[in-house]
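Chemist: Starting off with a structure, shown below.
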Amino acid sequence: MQNGSCLCGAVAFRISGEMRDVLACHCQQCRKTSGHYWAATSVPDTALEMTRKGGLAWFRASDTAQRGFCKLCGSTLFWKPDNADRTAVSAGALDGATGLELSQHVFVADKGGYYALGDGKPLHNQFSGGEDA
Amino acid sequence: MHSGSCLCGDVTFTTSAPAKGASACHCTQCRKQSGHIWASAQVAKDALDIEGPLTWYAASEGAARGFCAQCGSFLFWHAHDEDEISFALGALDGPSGLKLLKHIFVADKGDYYDIADGLPQSEQ
Chain A
6 MQNGSCLCGA VAFRISGEMR DVLACHCQQC RKTSGHYWAA TSVPDTALEM TRKGGLAWFR
66 ASDTAQRGFC KLCGSTLFWK PDNADRTAVS AGALDGATGL ELSQHVFVAD KGGYYALGDG
126 KPLHNQFSGG EDA
Chain B
162 MHSGSCLCGD VTFTTSAPAK GASACHCTQC RKQSGHIWAS AQVAKDALDI EGPLTWYAAS
222 EGAARGFCAQ CGSFLFWHAH DEDEISFALG ALDGPSGLKL LKHIFVADKG DYYDIADGLP
282 QSEQ
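Chains A and B, in that order, give the protein sequences.
Note that my numbering has the first sequence beginning at 6, numbered continuously upward.
Note that my numbering has the second sequence beginning at 162, numbered continuously upward.
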């Protein structure tokens with residue numbers, strides 16, 4: 006069981022079951038909304054239980070997915086593709102030790118010029134999306 | 162000098178002076194709000210022009226965090242007693258010429274990633 010929340014607490018959630026490895030996404034959309042680049046795990050929708058959602062809002066930046074955030078504190082929280090029953094969840098929103106590992110960087114062709122990646126993890130220019138969200 | 166915007170474009174900003182002190186912050190507040198790590202640089206308040214409906218959230222008594230309530234982009238951090246304001250490097254449009262200089266609050270970093278770019282790190 007893993008708990009998580011936004012910064013102000015107006016959105017909180019509980020995850021049951023296994024979480025996917027963390028992906029770091031350097032696409033333009035993730036960079037704009039997070040302020041740097043975004044890191045997320047992913048879980049089946051059935052494993053994600055919202056325990057508080059008073060602040061939850063969704064923004065559709067593309068035709069294929071929505072981005073969930075807290076409208077009261079501006080925390081980046083979720084990415085939900087229309088074609089999969091899974092939700093990507095901010096790794097930074099998870100409380101305490103996660104036991105997760107960042108396993109790859111995606112959309113690195115879009116990364117900012119002001120930082121370097123030196124962790125030796127695989128780099129990909131795209132992300133296949135779909136089942137693993 | 163620099164220009165940027167949130168994801169939906171409702172909030173835009175420009176700076177009329179060069180920014181300094183580009184850093185990546187690993188504190189719990191920045192991790193919660195950004196979803197991972199927050200990267201920013203500082204500019205004098207009077208050299209920053211912000212347009213659009215920015216919303217501020219105070220997670221502590223001493224500072225406020227500016228974001229777009231339409232799309233959730235985390236854009237600014239301002240300590241009330243400082244003449245400078247920090248803006249998100251991810252919000253910048255086009256090449257900025259800026260380079261990340263350091264990692265701060267690494268004592269609070271998450272357990273799921275390593276900091277491996279060789280830049281200086283400070284606990285606070």
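Positions of the beta carbon are idealized from the N, C-alpha and C atoms, including for glycine.
Go through its chain and collect everything with a Cβ distance to L261 of chain B's Cβ below 8 Å, but skip five positions before and after it.
Modeler: Within the second sequence, residue 261 of chain B is the residue found at index 100, counting from 1. Here the set comprises A183, S184, A185, A200, L250, D278 and L280.
Chemist: Anything in the stretch 100–124 of chain A with a Cβ closer than 8 Å to a Cβ of chain B? List those residues in chain order, please.
Modeler: A102, T103, G104, L105, E106, L107, G117, G118, Y119, Y120, A121, L122, G123 and D124
Chemist: Give me, in chain order, the residues of the same chain whose beta-carbon lies closer than 6 Å to that of A268 of chain B; leave out the 5 immediate sequence neighbours on both sides.
Modeler: Working through the second sequence from its first residue, we reach residue 268 of chain B at position 107. Short of 6 Å from the beta carbon of A268 of chain B, and not among the five residues preceding or following it, lie these beta carbons of its own chain, in chain order: E284.
Chemist: Quick one: which residues of the stretch 188–209 of chain B get their C-beta closer than 9 Å to a C-beta of chain A? List them in chain order.
Modeler: T189, Q190, C191, R192, K193, Q194, S195, G196, H197, I198, W199, A200, S201 and A202
Chemist: Where in the stretch 211–285 of chain B do unbroken runs of the beta strand (DSSP E), each at least 3 residues long, occur, reported from the N-terminal end onward?
Modeler: DSSP runs (the beta strand (DSSP E)) wholly in the stretch 211–285 of chain B: 215–221, 224–229, 235–240, 245–249 and 263–265.
Chemist: Does DSSP put S39 of chain A in a helix, a strand or coil?
Modeler: The residue given as residue 39 of chain A occupies position 34 in the first sequence. S39 of chain A: helix per DSSP, three-state reduction.
Chemist: Looking at chain B, is there any beta carbon in it that lies within less than 8 Å of the beta carbon of T38 of chain A?
Modeler: Start at 1 with the first residue of the first sequence, and residue 38 of chain A comes out as number 33. Closer than 8 Å to some Cβ of chain B, the Cβ of T38 of chain A qualifies, so yes.
Chemist: Using only the alpha-carbon positions, how far apart do H248 of chain B and I198 of chain B sit?
Modeler: Within the second sequence, numbered from 1, the residue matching residue 248 of chain B stands at position 87. Within the second sequence, numbered from 1, the residue matching residue 198 of chain B stands at position 37. In the sequence as presented, His is not what sits at residue 248 of chain B; that position holds Phe. The straight-line gap from Cα to Cα measures roughly 14 Å.
Chemist: How many angstroms separate the CA atom of E144 of chain A from the CA atom of Y274 of chain B?
Modeler: The displayed coordinates of chain A run from 6 to 138. Any statement about residue 144 of chain A would go beyond what the structure contains.
Chemist: Thinking C-alpha only, which one of B:A252, B:E222, B:L168 and B:Q194 is nearest G79 of chain A?
Modeler: Your numbering for residue 79 of chain A matches position 74 in the first sequence. When each option's Cα is compared against that of G79 of chain A, the closest is B:Q194.
Chemist: Mapping DSSP to helix, strand and coil, what is V172 of chain B?
Modeler: Taking the first residue of the second sequence as position 1, residue 172 of chain B is located at position 11. Three-state DSSP puts V172 of chain B in coil, outside helix and strand.
Chemist: What does D272 of chain B touch in chain A if you count any residue whose Cβ is under 8 Å from its own?
Modeler: As a position in the second sequence, residue 272 of chain B is number 111, starting the count at 1. Within 8 Å Cβ-Cβ: A102, T103, G104 and L105.
Chemist: Within a Cβ cutoff of 8 Å, which residues of the same chain sit near E212 of chain B, ignoring the five residues on either side of it in sequence?
Modeler: In the second sequence, residue 212 of chain B corresponds to position 51, counting from 1. Answer for E212 of chain B: V172, T173 and F174, listed in chain order.
Chemist: Could you name the residues of chain A that K181 of chain B contacts, counting a contact when the two beta carbons are closer than 9 Å?
Modeler: By one-based count along the second sequence, residue 181 of chain B stands at place 20. Here the premise fails: no neighbours, minimum Cβ distance about 13 Å.
Chemist: For the alpha helix (DSSP H) containing T189 of chain B, list its first residue and its last residue.
Modeler: Within the second sequence, the letter at position 28 stands for residue 189 of chain B. Start and end: T189 to S195.
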